[in-house]
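To start, the structure under review is shown below, and the notes come after it.
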Amino acid sequence: MNKARKKTHKTGIGKRLVRGSLVLSFTRFVSSRLVRIFESGFAAPLLKSVKATDHFARKKVSGPVFKKLGLRKKFAMPARNRVASFFANNSVITRLCGLQTKLLNTPLRTVGLFMLTFGIYATAIFLLKRFVSLSIGEADTDDLIISALSVIGGIMLTLFGEKRLVSALGKGKITGTLLSDVLGINDSSLYRTATEKPKTYVGISFLLGSVLGVLTVVLSPLKIFFWTAVLIGAVIIINVPEFGLLTAMSAMYFLPAGYLSIICVITLLSYLLKCLRLKRNFRFGSADVLFLLFALCLLICCARNGMNLGELYLLCFLSMYFVAKNTLCSEKLVIQASNSICLGAFVGMLLYIAGDFAHLIQHQQLRMVLNGLVYCRMDVNMLAVMVATAIPFAFSSFSNHVPRHRNVLFLILAAACAFISDSYSFYMLLAAAFLVYVAVAHKAPFGAMAFGALTMPTFAVLVSDFTYSSAVNAFCQTGFDNLLGIAGSNLNFWSALNQVGGAATAVLFLLALLLIMQRALAGALMTKSPTAGVVCGTVAAAAIIIVAESFAFNLFADIRTLLMLGFVLGMCGAVYKVYYNTGKEE
Amino acid sequence: MQKRKFKINVLDITIVILIICAVAALLFRDTINEFFTKPNVVVVDITVTASPVTENEKAVYKVGNTVTIESDNPIQAVITKVTVNENKVTATVSLNGYKRFGRYYMENGSPLTAGGKYKAVIAGNSSIFTIAEVQAPQIAQS
Chain A
487 MNKARKKTHK TGIGKRLVRG SLVLSFTRFV SSRLVRIFES GFAAPLLKSV
537 KATDHFARKK VSGPVFKKLG LRKKFAMPAR NRVASFFANN SVITRLCGLQ
587 TKLLNTPLRT VGLFMLTFGI YATAIFLLKR FVSLSIGEAD TDDLIISALS
637 VIGGIMLTLF GEKRLVSALG KGKITGTLLS DVLGINDSSL YRTATEKPKT
687 YVGISFLLGS VLGVLTVVLS PLKIFFWTAV LIGAVIIINV PEFGLLTAMS
737 AMYFLPAGYL SIICVITLLS YLLKCLRLKR NFRFGSADVL FLLFALCLLI
787 CCARNGMNLG ELYLLCFLSM YFVAKNTLCS EKLVIQASNS ICLGAFVGML
837 LYIAGDFAHL IQHQQLRMVL NGLVYCRMDV NMLAVMVATA IPFAFSSFSN
887 HVPRHRNVLF LILAAACAFI SDSYSFYMLL AAAFLVYVAV AHKAPFGAMA
937 FGALTMPTFA VLVSDFTYSS AVNAFCQTGF DNLLGIAGSN LNFWSALNQV
987 GGAATAVLFL LALLLIMQRA LAGALMTKSP TAGVVCGTVA AAAIIIVAES
1037 FAFNLFADIR TLLMLGFVLG MCGAVYKVYY NTGKEE
Chain B
166 MQKRKFKINV LDITIVILII CAVAALLFRD TINEFFTKPN VVVVDITVTA
216 SPVTENEKAV YKVGNTVTIE SDNPIQAVIT KVTVNENKVT ATVSLNGYKR
266 FGRYYMENGS PLTAGGKYKA VIAGNSSIFT IAEVQAPQIA QS
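The listed protein sequences derive, respectively, from chains A and B. Residue 487 is where the first sequence starts when you use the working numbering, and the numbers rise one by one after that. Residue 166 is where the second sequence starts when you use the working numbering, and the numbers rise one by one after that.
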């Protein structure tokens, strides 16, 4: 054997130990036998019946009903054609699309000129407010800081911004990573817009900067920037519903439920418009029928009792199930979705730690800003629920496309959060999430169970004051459940759901859940490709974890957890479609 | 899936610079605020020492109530307390000034720091004031 071949066959001591270990070989053997029961044994029909169930639902239930009602012929298709032709023929929309293309093609210099003009005007108005006796309102120092930052950014971009905006956004280290790796922007579609010759719009930048700059007489520059960013965000969501979905997932740890629900509503509208313009698909499986029935049942119950704000948020968040299931239609989008979950959880953990140590910061301004940032951070118990759900995504090897140190950093931060919170339930949830991930994604149920059986009780004994109630009661705190009118007792999610929507709603949700889980597990265990198996297994593990948590903990305590629930369940349907039921096998 | 390479471009650099500037501005927010604020007029009490030579010069401090601190824009100050020793006069003088970046200034912009020397005219007699101490001011009606 020559040196090169020796080098390729070189294995580490760890790998050799794992391969040579009798105990691990035994657990692997038992695990593979257990998995085989579901793959080809007597339990196989449970998972293999998925396609048959869908086929049955499509051909025997929903198909005939829709045919009889003539919904497709009388309503859906005419509406789709009308909307599609409206969008295609409307001159305003065509011009707006042209403007958007022009804006994306313009060099960064245009943006720089806008920022520079805005900053100069805003600074001048600040100085007028401060030093000239005019009755045009008070000037805050923050206004000056924002104006100065705008001037600095404007100078930088005006002097060096020769690249097109689309290219700078898509290829940049920060913006490119954020947009293309996390927030669901398809960069190839971005470059398709880069066809025109770039042109700097000096007059428009100057005019827009002047108008917005003069507006600082009545509004603060921070507000103007905030609303401009909101407007740009809304335009992007209207164009790319995936962006809205994944932004909501990334921002759910620091945005209040109200803002999140606004993002969800815009995303839902954008998705529906895309469907009507024939640019996105809307597939309706058997699980979706049950989920829709559950949502309708909940809506009717809520409307009958007089709708309140919490219930509206709830419906907005649950609607993301359909958006996630239908928009995450490619391998890349699934990876972006898992990245957005990890990024969100990462930010949530950072905010939790920052909030805990904010009081140590001596500088008053810095402490105030930090306190403002962590104002909407999650309660430690709800954070534990969410981080445990995100753990499979952080562990999954399919995120090999990101540097591994990101995943390591995520796990270190999760352990740090558990340590700082001093909550044993946090540790237990993290450990349980890891074990579920190993059991489902790596098809090692016996090994995970054996490891769990050995370590979990030992850990519980070591931590002598750990009891089930001490772990669980902490989670049953009242939060949004107050708003929903179900507070006052240590409920779990299901009892709370029963109170909000009645037993029928809870049963419908359970049935939908069973079908969704069946699809997730079918994807995890029945796919032939190992990578696809890990991806499906990861999503299935996350779904199992959050469903298991729903039986023990009151997810209504922070309604944002239900956004995660809807999203993960939607992802189950999405990966099933992307990796398992691709239509090629049929 | 194809792995994409991202490169640092001018937009990234601008974002990083803006973040650094924002943090720096946050840290020095009070200083920035002070720099761009018209300072409030405050009455500053200063303790000064003067070294008169003759008994006549010492007597001037006993009768004089106001003092003019000479410069391009002379400032009128009120003598509130006088202690006359054998060869030195210690007086407390109140004058209008302002505070900026932790230091006190006279209305004409001259700094009021311990050890600073000013030519002063009291009841027609010229004297050299050395500032011994600047005391906490009272906010004046501006």
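Note that CB positions come from ideal geometry on N, CA and C, so glycine has one too.
Residue i, enclosing alpha helix (DSSP H) - first and last residue
i, result
"I173 of chain B", "Here I173 of chain B belongs to no alpha helix (DSSP H), and DSSP marks it neither H nor E."
"I641 of chain A", "T627 to F646"
"G623 of chain A", "That residue, G623 of chain A, is in no alpha helix (DSSP H); it is neither H nor E in DSSP."
"L731 of chain A", "P727 to A737"
"C783 of chain A", "S772 to R790"
"I1002 of chain A", "F979 to M1012"
"A654 of chain A", "L651 to K657"
"R194 of chain B", "R194 to F200"
"T813 of chain A", "L795 to T813"
"I690 of chain A", "V688 to V700"
"V225 of chain B", "E220 to V228"
Amino acids of chain B, ordered along the chain, whose beta-carbon sits closer than 8 Å to that of residue i
i, result
"M642 of chain A", "V175, I178, T179 and I182"
"V1064 of chain A", "Under the 8 Å cutoff, chain B gives no residues; its nearest Cβ is about 12 Å from V1064 of chain A."
"L594 of chain A", "V175 and L176"
"L635 of chain A", "L183, C186, A187 and A190"
For residue i, the three-state DSSP class (helix, strand or coil)
i, result
"S706 of chain A", "coil"
"L277 of chain B", "strand"
"L940 of chain A", "helix"
"S824 of chain A", "helix"
"D210 of chain B", "strand"
"S526 of chain A", "coil"
"K246 of chain B", "strand"
"P486 of chain A", "Lying outside 487 to 1072, the shown extent of chain A, residue 486 of chain A is not represented and no answer is given."
"V254 of chain B", "strand"
"R581 of chain A", "helix"
"S909 of chain A", "coil"
"Q850 of chain A", "helix"
"S259 of chain B", "strand"
"A1018 of chain A", "helix"
"M271 of chain B", "strand"
"I718 of chain A", "helix"
"I1045 of chain A", "coil"
"I752 of chain A", "helix"
"F961 of chain A", "The pLDDT assigned to F961 of chain A is 45, lower than 50, so where the model puts this residue is not dependable; a value taken from the coordinates is nonetheless given after this. Helix at F961 of chain A."
Limits of the unbroken beta strand (DSSP E) element including residue i
i, result
"G267 of chain B", "Note, G267 of chain B: premise wrong, no beta strand (DSSP E); not H, not E."
"K282 of chain B", "K282 to I287"
"F294 of chain B", "N290 to V299"
"I234 of chain B", "T231 to I234"
Interface partners of residue i on chain B, CB under 9 Å
i, result
"I1099 of chain A", "The shown model of chain A, from 487 to 1072, leaves out residue 1099 of chain A, and the question about it has no answer."
"F654 of chain A", "Going by the sequence as given, residue 654 of chain A is Ala instead of Phe. Within chain B, the residues near A654 of chain A are N174, V175, L176 and D177."
"V855 of chain A", "L191"
"L814 of chain A", "None at all; the shortest Cβ gap to chain B is about 14 Å."
"K649 of chain A", "N174, V175 and L176"
Under 9 Å from the C-beta of residue i: neighbouring residues of chain A
i, result
"F201 of chain B", "F612, L613, R616, F617, A625, T627 and L630"
Within chain A, partners of residue i - CB distance below 7 Å
i, result
"I290 of chain B", "The displayed chain sequence assigns Asn, not Ile, to residue 290 of chain B. Per Cβ cutoff of 7 Å: no residues; N290 of chain B is ~40 Å from chain A at best."
"R198 of chain B", "Residue identity differs from the one stated: residue 198 of chain B is Asn in this sequence, not Arg. Here the neighbours are T627."
"F171 of chain B", "K657, G658, K659, G662 and T663"
Closest by C-alpha distance to residue i, when choosing among the options
i, options, result
"F266 of chain B", "B:V181, B:F193, B:I180 and B:L176", "B:F193"
"A917 of chain A", "A:T627, A:N812, A:K1014 and A:L897", "A:L897"
"D195 of chain B", "A:I606, A:P531, A:Q850 and A:L895", "A:Q850"
"D177 of chain B", "A:L643, A:T702 and A:L555", "A:L643"
"I1030 of chain A", "A:Q1004, A:A743 and A:L784", "A:Q1004"
"T875 of chain A", "A:A1027, A:F843 and A:A1008", "A:A1027"
"N984 of chain A", "A:Y1065, A:K545, A:A870 and A:S1036", "A:S1036"
"N238 of chain B", "B:T245, B:F200, B:S275 and B:T248", "B:S275"
"F600 of chain A", "A:V716, A:F711 and A:S511", "A:F711"
Contacts that residue i makes with chain B (C-beta to C-beta distance below 7 Å)
i, result
"H928 of chain A", "Neighbours of H928 of chain A on chain B: none; closest Cβ ~21 Å, over 7 Å."
"G695 of chain A", "Going along chain B, no residue has its Cβ under 7 Å from G695 of chain A, so there is no contact; the nearest lies around 16 Å."
"L852 of chain A", "L191 and L192"
"F646 of chain A", "V175"
"H849 of chain A", "L192"
Any non-hydrogen atom of the ligand SAM within 7 Å of residue i CB
i, result
"R790 of chain A", "You won't find the ligand SAM in this model; it holds no ligand whatsoever."
Quiz item: What are the complete alpha helix (DSSP H) segments, minimum 4 residues, inside the segment 495-574 of chain A?
Solution: 499-506, 508-525, 530-542 and 549-555
Quiz prompt | Those runs of the alpha helix (DSSP H) which lie wholly inside the segment 834-882 of chain A and span at least 4 residues | solution = The qualifying runs are 850-859 and 866-881.
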